[in-house]
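Only one structure is covered here, and it is reproduced in the block below.
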Amino acid sequence: MLNKLINLGRKIFKKKSVETVNADTKNTSPLTSSLKRNIDDLKHMVGLSGDVVVRRFKVSGDKNTDAAVVYVDGLADKDRILYSIMNTLALNTQLPGLSDGLTKENLENAILEKGFVSSEVKHAVDWVSIIDGIFSGDTVLLVDGIKGAFIIETRKWVDRGVQENTSEQVVRGPRDSFSETLRLNTMLLRRRIKSPKLQLESMKVGSLTKTDIVIAYIKGIVNPKLVEEIRSRINRIETDSILETNMLEEFIEDSPWSIIPQIRNTERPDKTAAHLLEGGAAIIVDGTPVVLLLPTTFWQFLHSPDDHYERVYTTFLLRALRLLALVTALTLPSFYIAITSYHHEMIPQGVLEVIIASRRGVPFPVLVEAFIMEFILEIIREAGVRLPRNVGQAISIVGALVLGQAAIQSKLASPITVTVVSLTAVSNFAIPSFSAALTIRFMRFGLMIVSGTFGIFGFISVIFVIMVHLCSLRSFGVPFLAPLTPLIPADLRDSQVRLPMWLLSRRPKTFGPKDQTRQKSGLKPGPYQKDGQPKGEDKDA
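Numbering (my numbering), first residue to last: 47 to 587.
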């Protein structure tokens, strides 16, 4: 009975939402062949929008035929509207390739068949398509005597172009990044994957924003079930607005109440292309430079874009260092609080004497002392982000030094506590993924409270709960800790360690790619014989 009431409520809510969204178009009469009536209905729907431009003119060849173009100032290309559309119809006697003059009888066929130079034209008879086209940057052509309207592609707006990436900087590798323009982002992907197998599937989300999104994947490599799952989750979304990828991410992730992010994001085209080539998929949202990469695993949050641009030994050491930094950022303050508060016997005698001497005169317990320093550090970090870049960097450095020294001199914190908190903050910065680093920061506070209350036993219990939770997570059906659990030995070659490129002949099995072969085996470089063949070929590991 309860389920029936819930389903009935959902149907009623869905019906009301659809009626609300389409209220303006339902209350308006359908398109007719009268230009005046169509323009009046259009003005009624758009209201007092001053950026919606309606320009009337007469079609050349038949002086009694009135026409009008409707577009949004700032979203449409005025030059194309003037020279490609209005000049063609108002000044010329014929469209390109049309032998006879323009008349009401042949005008519709001439526009659809001959079209306009460098413009896509389609005919529409419903207001929903017309309004959507206008506010997407297209131009709508209305002609008196012709039922319906012509939607002509004239999109053009100002963008910041391709700029250097600032959130995921690398020492070696490309410097370009995505922007807020959808087609510019797809172009950056096409530059890297010049194959017709790269599919860019377009969709719209949001009943009011009508946000354009693109699902990018490589046909023949990606698992078709993954694409179908992404498509079905997006189609289930019923909302009036999607303005950024995080808003979309919250609708499609597997475990929405988990603090652990299950979808990666990036602004780098090379990172996105590499993810697609491994059998993954990406979601590009118009209006934001951040792209979603899915599915994802825990180990990928520790990968940097330049891991494949450096030598194997360097990559191995850097990935190990990042893993150590993650563990340090999560556990160091909590472990310090636990052993100094409840388990003095675990501390060597010499170290214990140093800790006692440094804390002499501090009126707070270790937990409160650590929280004070963490609170100060978080304020400095947030201020550095919100202020202008040059000022923010100065505030972060100077503020940390001054406030840390002031806390020690005023006996609000001991030097060892300041050292522990500082090392924790620096370790947090070493995590490549900002979303993962932010998650570690929040989890650290909860772990500190439990460790300060229950000691080392509470510390171990929370770590165990975190590990169990990580094992239970899925990212679009992919185990979050794969390839470690479940163990996939073949995928360990490029998880926490990385083997040379000539040994990575197969794609990771974690994503279940349709085509697992990346390259042929036996590509180990070395001296060649006179006939051009290598002296010996190692089999793929």
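Backbone N, C-alpha and C define an ideal beta-carbon position, used for all residues, glycine too.
Residue i by DSSP, collapsed to three states: which one?
i: ALA69; result: The pLDDT assigned to ALA69 is 45, lower than 50, so where the model puts this residue is not dependable, and the model offers no usable value.
i: ASN133; result: helix
i: ALA384; result: helix
i: ARG520; result: strand
i: LEU569; result: coil
i: ARG218; result: coil
i: LEU48; result: With a pLDDT of 41 at LEU48, under the threshold of 50, the modelled position of this residue cannot be trusted, and the question is left open.
i: THR285; result: coil
i: TYR359; result: helix
i: VAL268; result: coil
i: LYS82; result: helix
i: PHE181; result: coil
i: ASP352; result: helix
i: VAL174; result: helix
i: LYS457; result: coil
i: ASP316; result: helix
Beta carbon of residue i, beta carbon of residue j: below 8 Å?
i: MET249; j: ILE261; result: yes
i: ARG368; j: VAL543; result: no
i: ILE383; j: VAL412; result: yes
i: MET513; j: ALA459; result: no
i: ASP205; j: PRO315; result: no
i: CYS517; j: LEU533; result: no
i: ALA114; j: ARG126; result: no
i: ASN211; j: ILE330; result: no
i: LEU423; j: ALA471; result: yes
Tell me the rounded alpha-carbon separation between residue i and residue j.
i: SER213; j: LEU372; result: 19 Å
i: PRO535; j: GLY523; result: 19 Å
i: HIS354; j: VAL217; result: 12 Å
i: ILE180; j: LEU81; result: 17 Å
i: PHE480; j: PRO307; result: 11 Å
i: GLY558; j: ILE309; result: 17 Å
i: GLY325; j: ASP352; result: 19 Å
i: LYS570; j: ALA452; result: 58 Å
i: TRP173; j: LYS240; result: 38 Å
i: MET91; j: VAL98; result: 11 Å
i: LEU370; j: ILE477; result: 10 Å
i: VAL590; j: ALA328; result: Residue 590 cannot be examined here, being either before or after the span of the chain that is shown, 47 to 587.
i: PHE500; j: LEU235; result: 51 Å
i: SER567; j: TYR359; result: 21 Å
i: LEU137; j: SER106; result: 6 Å
i: LYS243; j: LEU228; result: 19 Å
i: GLN209; j: HIS390; result: 54 Å
i: PRO76; j: LEU121; result: 26 Å
i: ILE443; j: ASN436; result: 11 Å
i: LEU363; j: GLY96; result: 59 Å
i: MET494; j: SER541; result: 30 Å
i: LYS193; j: VAL167; result: 16 Å
i: LEU449; j: VAL496; result: 27 Å
Identify every residue that forms a DSSP beta bridge with residue i.
i: ILE330; result: VAL260
i: PHE196; result: HIS169, LEU187
i: MET249; result: ILE259
i: PRO525; result: ARG520
i: ASP537; result: Bridge partners of ASP537: none, in fact.
i: GLU399; result: According to DSSP, GLU399 bridges with nothing at all.
i: ARG406; result: Answer by DSSP bridge pairing: none, since ARG406 is not bridged.
i: GLU210; result: ASP222
Can a CB atom of chain D be found closer than 8 Å to the CB of residue i?
i: GLU284; result: Annotation note: the requested chain D is absent from the structure, which comprises a single protein chain.
Review point. Quick one: any contact between the segment 197 to 210 and the segment 290 to 304, if contact means 3 or more CB pairs under 8 Å?
Key: no
Point to revise | Three or more C-beta pairs below 8 Å linking the segment 312 to 324 and the segment 497 to 509 | key: no
Point to revise | Meets three-Cβ-pair contact criterion under 8 Å: the segment 381 to 395 and the segment 329 to 347 | key: no
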